[in-house]
Structure formats: C-alpha cells, structure tokens
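K.L.:
Which chain is which? The protein sequence lines are U and D, in order.
Letter 300 of the first sequence, counting from 1, is numbered 300 in our numbering, and no numbers are missing.
Take any residue in the second sequence, count from 1 to its spot, add 1000: that is its number in our numbering.
All C-beta atoms, glycine included, are put in the ideal place defined by N, C-alpha and C.
Take this structure, written in structure tokens, and hold onto it; I'll ask about it next.
2 protein chains.
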Amino acid sequence: MMAIVPFKEKISLFEKRLGSELESSVEFIEAIADDLISAGGKRLRPKLAFLAADLLSANDNLAVDVAVAVELLHSASLLHDDLIDDADTRRGREAAFKRYGNIVSVMSGDFMLAKVLGILAQTNNAEFTQLMSQTASQICEAEVLQFQAASLETYSFDIYNQIIEGKTAALFVAAIKGVAILANLGFKERHALEEFAWAYGRAFQMRDDYLDLLGDAETLGKPVGGDLREGKATFAILKLFELDVYEAREIVKRHASANNDISKMIELIKEYKADDLARAQITYEVEKAISALSIFPDSEAKKELIELARAESKRVN
Amino acid sequence: MMAIVPFKEKISLFEKRLGSELESSVEFIEAIADDLISAGGKRLRPKLAFLAADLLSANDNLAVDVAVAVELLHSASLLHDDLIDDADTRRGREAAFKRYGNIVSVMSGDFMLAKVLGILAQTNNAEFTQLMSQTASQICEAEVLQFQAASLETYSFDIYNQIIEGKTAALFVAAIKGVAILANLGFKERHALEEFAWAYGRAFQMRDDYLDLLGDAETLGKPVGGDLREGKATFAILKLFELDVYEAREIVKRHASANNDISKMIELIKEYKADDLARAQITYEVEKAISALSIFPDSEAKKELIELARAESKRVN
Chain U
1 MMAIVPFKEK ISLFEKRLGS ELESSVEFIE AIADDLISAG GKRLRPKLAF
51 LAADLLSAND NLAVDVAVAV ELLHSASLLH DDLIDDADTR RGREAAFKRY
101 GNIVSVMSGD FMLAKVLGIL AQTNNAEFTQ LMSQTASQIC EAEVLQFQAA
151 SLETYSFDIY NQIIEGKTAA LFVAAIKGVA ILANLGFKER HALEEFAWAY
201 GRAFQMRDDY LDLLGDAETL GKPVGGDLRE GKATFAILKL FELDVYEARE
251 IVKRHASANN DISKMIELIK EYKADDLARA QITYEVEKAI SALSIFPDSE
301 AKKELIELAR AESKRVN
Chain D
1001 MMAIVPFKEK ISLFEKRLGS ELESSVEFIE AIADDLISAG GKRLRPKLAF
1051 LAADLLSAND NLAVDVAVAV ELLHSASLLH DDLIDDADTR RGREAAFKRY
1101 GNIVSVMSGD FMLAKVLGIL AQTNNAEFTQ LMSQTASQIC EAEVLQFQAA
1151 SLETYSFDIY NQIIEGKTAA LFVAAIKGVA ILANLGFKER HALEEFAWAY
1201 GRAFQMRDDY LDLLGDAETL GKPVGGDLRE GKATFAILKL FELDVYEARE
1251 IVKRHASANN DISKMIELIK EYKADDLARA QITYEVEKAI SALSIFPDSE
1301 AKKELIELAR AESKRVN
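Here is the structure:
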C-alpha cells in the first residue's frame, strides 16, 4: 500500500517542474512564462492526471510528466486562441502594443509546444507521443472548425460535437489516457477511463456554453451572450435551428448585433424549452462519464472524479 | 553499392508524404495546407536531409521522415512569423492570415506542429525528438530575441549570432543531424556534419541579411532595407556600431523613417568598408562549413553540399 501524498504536495511538484521547463535566456519569454505560472488557474488537467494515477495506483512521477505536457499544450492553445484580429488597427496608435501582444502570444505558445516535445523525448513512449499529436491536431481542427462554421454559417450537432471535443474533451482525455499509457494499463480499463474523459469533457464544455448565454452575468463576471456575438451557435441554439425557428438563424447570422438580440434569443430558447434539452444533454454526458468508472473498485480518487463530473450537472440544474 | 535514386524522385516521395500528413477534414486547414504544398519553394531543408543520407549511404526513408518533420516545423514557423512581421507576401503569395484571419493562420501552424509530433511518434527515437524540441525552442527564442533587441535597442554580435542560428541554422542542423541520428552515425562524423550545418546556416542567413540592404532591388524583388525599416541591425550595421558611427545608431533607432535613411546607411557602410567585413565573414563561415566535411571521402553528395555552401559566398562576391 502506497502512502498517500497530499494533493497540495503533488501540485507543488507539478508547479516546480512547469517552472523549470519554461526557463529561457530570453527575457520576454521568461516574462510570459512567469505570468503563466503565477496566474495558476484551477489546474484541472493536472488534477485529472493525478487522480488517474491515484485510481490506478500508478507512480506520481508519471502523472507529473503527463500533467506538465498537457498543461503546456493547454496554455499554448489558450495563448494562440487569445489572438485578436487587429489588422485594421495595425498601423494605428495601438498597433505597436498589439503587435507586441501577438509576438508574445504566438512565440511563447510555440516555445511551450517545443517544451512538450522535450517532455516526450524524456518519457520516450511512442504511444504517448502519438496521443499528444492527436490531441494537438484535434484542438487546432476544433478552433478552425469553430471559426469556419461561423464564417460559412454551417451549423450542425456533428460540428458542435467535434468543436467541444477538440476544444475541451481532447485535453481531458490526454491527461487521463496519458497516465494510463505510461502506467501500461490494460485495454479494458484504459477504454473506460477514456470514455469517462470524453463524456466529462463534453459535459464541461456544454455547461460552459450553456452559462455563457443562459447563466447569470454577475456569476459569470461578464455580460451573457459572448459566444453568440461571435456567431457561435451552441447546443440550445442548435436545437432552435432543428426546430426551424427562423428568427434564431437571423440572430446568429447578424452576430446578435441588433438591439435586444441576446434577450430575444434567450426568450426563444425558453419558449421552445431548448434550455431544458441542453441541461438534459449535460446530465446525460455526466451520467455516462460516471457509469464508465463502474469497472473500478471504490476509492478516494474514484469518488473525486465522480464529484468533478457531477458538479457540471449541478451548475446548470 | 546502392542504386542512386534521382533527386526528383526523392523530392516527389517527400511531397507525397507532406501532402498526406497535412490531410484534414477541416476545409480551411486543407486550404492553407494546399497553398503550402503548391507554393513549394526551394525545399532546401529536405534537400539537405537527402544529401546527408546520400553522404552516409543511409536509407532514403529516414531522410523522408526527417525532411517532412523539419519542413513542417519550418512552415509552421513561417506561418507564425508572417503574423509577427506583418509580411505582405511570403513566397510571393498573400500571407495566409490576411485571407483567413489570425486564428486560422496560427492554428494551421499549430496543426503542422501536431503533425511533427506524429512523425516523431512513428520514428520513435528519443534523441531525434529531443533534437526537434531544441530546434523548435531555438526558433522561438530567436524570433522573440530579434523583436526584443529592436524594442530595447540592445544590439550585439552575440545576439545577432543567436538570432541567425535560431532563425536559420537550427533547421539546417535538424535536417542534417536528424538523418545522422536516425542512421545511428558515430560521434565524430555526426559532429562534423553538425559543424557544417551551423556554419552553412549562419552563412546563408548572413548572405540573406547582406542582400536585404546591400543587394539589388530588382534581383531581390522588393525594395532594399526592409530589415532596417523593422529596426533590425544586421552584420554590417553592427560593425558600424562597433566603430561608434553615431549616425548609424540614429537611423536604426528611427527605423530608417527619415528621407534617404536607407541610402545614407548604405553610404556609411561603404565608407567604413563594413560591407567588405560582412562579405569576409560570410566567406569565413562558408570555408568553415566546407572544411568540416573534409573527414568524409569524396562523393557526389559531398560535392553538392560544398557547392551549396560556396554559392552563399558567390552571391555576395
């Protein structure tokens, strides 16, 4: 029986390793890395890696490798995703600052991806490298697909699913499956963990999308409808499309630019009970995630994974 | 004795593999990938990989793996660099980001990096993965350092060297050393090839920098002085700094924004014979590259590598 290492200690191992990976002789890169480390965040993906290691009684060092690689990939994709299309103001007064911002975002993100490669060289496991390659591809394809769907106005549940899986679930899978691969886990358990991660990831992103439109601005810390103003049609809106609610299409088409478009869309969603359907779908994914864990004996780690998943359902119900 | 495969056939193997690596179900990614493939370019890095394989009598399949991984990394960095430099054209084509926006351009670069990971998973060689990690880090650090030097006005030969090595030489090294690693070459020969690649790479970038300011606008296909207008101080200008030519510092500081700044700088360079010194430095690196190859017996591949290097010296003399 292994001694249980408190989570706080594990995360501090992770933070230390993350810091050493991001060392650079170039001042501007170090500045961004420092920002990233001090900003912290919930470190949900590292947490998933450590819980998977606990569940499988695998060595925490495996989890640190996976957690750092996955968090670096996640951070790189956030940095690149934050880019703004500022072509119009490039020559203006703020251009220098904005260009500086772009350099910081793009190259620091690339630097993080380079460090992912370094970790993969150290772990030296072709299957894990392949997993990270697939994960990175899925993230890129999802980001571009999201932009493409808004540009070409091609909306479907299939596309939505690919977007939420690529944007969110793929990294959850990488964190959990990465540990399973390095721990040399058998097919059946690996498959169960993967199923958990996909379903939990979908639920997580769908809940995020749900609250972006149907949540409370105060709790959200920003006005509702941000996605809609970027022409993104998320689950509840897709349900309106399915029901041929013409007005919903028009609002998405004009990126909610007319007065009261956001509140009109919320009204339509409630009128057609598309919010109920969205909540039901989130609960469905949460239960699917939890039931995938049934093959594992009860443990503290299993309980925590179940609680994490169930929280997504609770936040919208 | 192996049958010699014509270079045209090797490159067509390379193009085919590159195309299959870049397949995506997402239309906008495919469009950028198609641009990249049809634009072609000189494929200098793949050529170096194939010549290294010839020189070492190594299997061409190794060279294809290395060539595709290196070219993908190179292309990703060009896509990301387009965004940073706000370059109007790249290889004579409209910069991708102008047509599709930053997100698509950045994500397509990231998609290429994801495919590099996939190749590394296939080749499954930790040393090659480590080499690609280092190369990618050096590229990012060089790009940021170049920007940082212009922002903070910190110019030195040391920094210049790190920039040209990261921007150009590192990828030449990856192409050649990658083949040496996968072919399991001994230390002495590997070291010689690496020395060749670093020196050739430095000569290549210094020649590029030289012609950007001191070349002929017509041959160049763009006005001279582009680097200077971005506040970049290249070799000949650094020589003027070393000689405390005050006016040169002022011109760089204002990014050659005053009338006749470019022609004034060219005058100063010629007055102080900094152009002679730059040419001499290029020739020095070329000869260093060539002499590193002396440990290899004469062959067609060795002759071609020597010719490639010597061409850099000829283009400025």
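Taking 8 Å as the threshold, find out whether the stretch 1124-1139 of chain D comes into contact with the stretch 151-170 of chain U through three or more Cβ pairs.
P.N.:
no
K.L.:
Report yes if the C-beta distance between D:V1070 and D:R1045 is below 8 Å; otherwise report no.
P.N.:
Taking 8 Å as the Cβ cut-off, D:V1070 and D:R1045 qualify as a contacting pair.
K.L.:
How is U:Y160 classed by DSSP in three states: helix, strand or coil?
P.N.:
Helix, per DSSP.
K.L.:
I need the boundaries of the alpha helix (DSSP H) containing U:T283, first residue and last residue.
P.N.:
A274 to A292
K.L.:
Taking D:A1150 as the query, report the chain C residues whose CB atoms sit under 8 Å from its CB, ordered along the chain.
P.N.:
Judged by its chain identifiers, the structure shown contains no chain C, and its protein chains are U and D.
K.L.:
Give the residues of chain D in contact with U:N124, contact being defined as C-beta atoms less than 7 Å apart.
P.N.:
A1126
K.L.:
With a cut-off of 8 Å, do at least 3 Cβ pairs link the stretch 129-138 of chain U to the stretch 170-184 of chain U?
P.N.:
yes
K.L.:
Hey, is D:T1283's beta-carbon within less than 8 Å of any beta-carbon in chain U?
P.N.:
Chain U, which has no Cβ nearer than 8 Å to the Cβ of D:T1283, makes this no.
K.L.:
To the nearest angstrom, how far is the alpha carbon of D:L1308 from that of D:A1136?
P.N.:
24 Å
K.L.:
Can you look up U:P223 in the DSSP assignment and give me helix, strand or coil?
P.N.:
Looking at U:P223 - three-state DSSP - the assignment turns out to be coil, as it is neither helix nor strand.
K.L.:
Distance, Cα to Cα, U:F157 vs D:K1253?
P.N.:
54 Å
K.L.:
Could you check the C-alpha separation between D:N1317 and D:E1218 for me, to the nearest Å?
P.N.:
17 Å
K.L.:
Looking at the C-beta of D:A1114, does it have a partner C-beta in chain U at a distance below 8 Å?
P.N.:
yes
K.L.:
Please confirm if D:D1082 has its CB atom under 8 Å from at least one CB of chain U.
P.N.:
no
K.L.:
By the criterion of Cβ-Cβ separation under 7 Å, what are the contact partners of U:A121 in chain D?
P.N.:
Ordered by position in chain D, the residues that pass the 7 Å Cβ test against U:A121 are A1126, T1129, Q1130 and S1133.
K.L.:
Just checking my contact of U:A192 with U:L293 at CB under 8 Å: how many whole Å lie between their CB atoms?
P.N.:
U:A192 to U:L293, Cβ: 7 Å. Contact.
K.L.:
Does any residue of chain D bring its CB to less than 8 Å from the CB of U:L144?
P.N.:
The residue you asked about is not Leu; residue 144 of chain U is Val in the sequence shown. Interface annotation, U:V144: in contact with chain D, CB-CB separation under 8 Å.
K.L.:
Starting from D:H1255, trace the alpha helix (DSSP H) both ways and give me its first and last residue.
P.N.:
D:H1255 -> no alpha helix (DSSP H), and no H or E assigned at all.
K.L.:
Give, in chain order, every residue of the stretch 31-49 of chain U whose Cβ lies closer than 7 Å to some Cβ of chain D.
P.N.:
none
K.L.:
Return the CA-CA distance between D:K1302 and D:R1229, expressed in angstroms with no decimal places.
P.N.:
39 Å
K.L.:
In or out: U:A258 buried (at least 16 other Cβ within 10 Å) or exposed?
P.N.:
exposed
K.L.:
Terminal residues of the continuous alpha helix (DSSP H) containing U:R190?
P.N.:
Under the DSSP assignment, U:R190 falls in the alpha helix (DSSP H) whose first and last residues are F187 to L214.
K.L.:
Name the residues in the stretch 1048-1070 of chain D whose C-beta lies less than 8 Å from a C-beta of chain U; which are they?
P.N.:
none
K.L.:
In the structure shown, what three-state DSSP assignment does U:P297 receive?
P.N.:
coil
K.L.:
Pull up the distance between the alpha-carbon of D:S1075 and that of D:Q1148, whole angstroms please.
P.N.:
23 Å
K.L.:
Please state if the CB of U:L214 and the CB of U:K266 are separated by a distance shorter than 8 Å.
P.N.:
The sequence shown places Ile at residue 266 of chain U, not Lys. The answer is yes: Cβ separation under 8 Å.
K.L.:
Answer yes or no: does any C-beta atom of chain D fall closer than 8 Å to that of U:I164?
P.N.:
It does not; no Cβ of chain D falls within 8 Å.
K.L.:
If you draw a straight line from the alpha carbon of U:R17 to that of D:E1312, how long is it in whole angstroms?
P.N.:
43 Å
K.L.:
Suppose only complete runs of 4+ residues qualify. What are the alpha helix (DSSP H) ranges in the stretch 1098-1174 of chain D, listed by chain order?
P.N.:
DSSP runs (the alpha helix (DSSP H)) wholly in the stretch 1098-1174 of chain D: 1102-1123, 1126-1152 and 1157-1164.
K.L.:
Give the secondary structure of U:S12 by DSSP, where H, G and I count as helix, E and B as strand, and everything else as coil.
P.N.:
U:S12 falls in the helix class under three-state DSSP.
K.L.:
Run the CB neighbour count on U:S12, radius 10 Å, all protein chains shown included, and call it buried at 16 or more, exposed below.
P.N.:
exposed
K.L.:
Spell out whether any CB of chain D is found under 8 Å from the CB atom of U:I29.
P.N.:
yes
K.L.:
Applying a beta-carbon distance threshold of less than 8 Å, which residues of chain U neighbour D:E1230?
P.N.:
None at all; the shortest Cβ gap to chain U is about 11 Å.
K.L.:
Checking contacts by CB at 8 Å: is U:L26 closer than that to chain D?
P.N.:
Note that residue 26 of chain U is Val in the sequence shown here, rather than Leu. So yes, U:V26 belongs to the interface.
K.L.:
Is the stretch 1052-1059 of chain D close to the stretch 1021-1029 of chain D, with three or more CB pairs under 8 Å?
P.N.:
no
K.L.:
Could you tell me which of D:G1201, D:H1080 and D:G1225 sits nearest to D:I1251, measuring between CA atoms?
P.N.:
D:G1225
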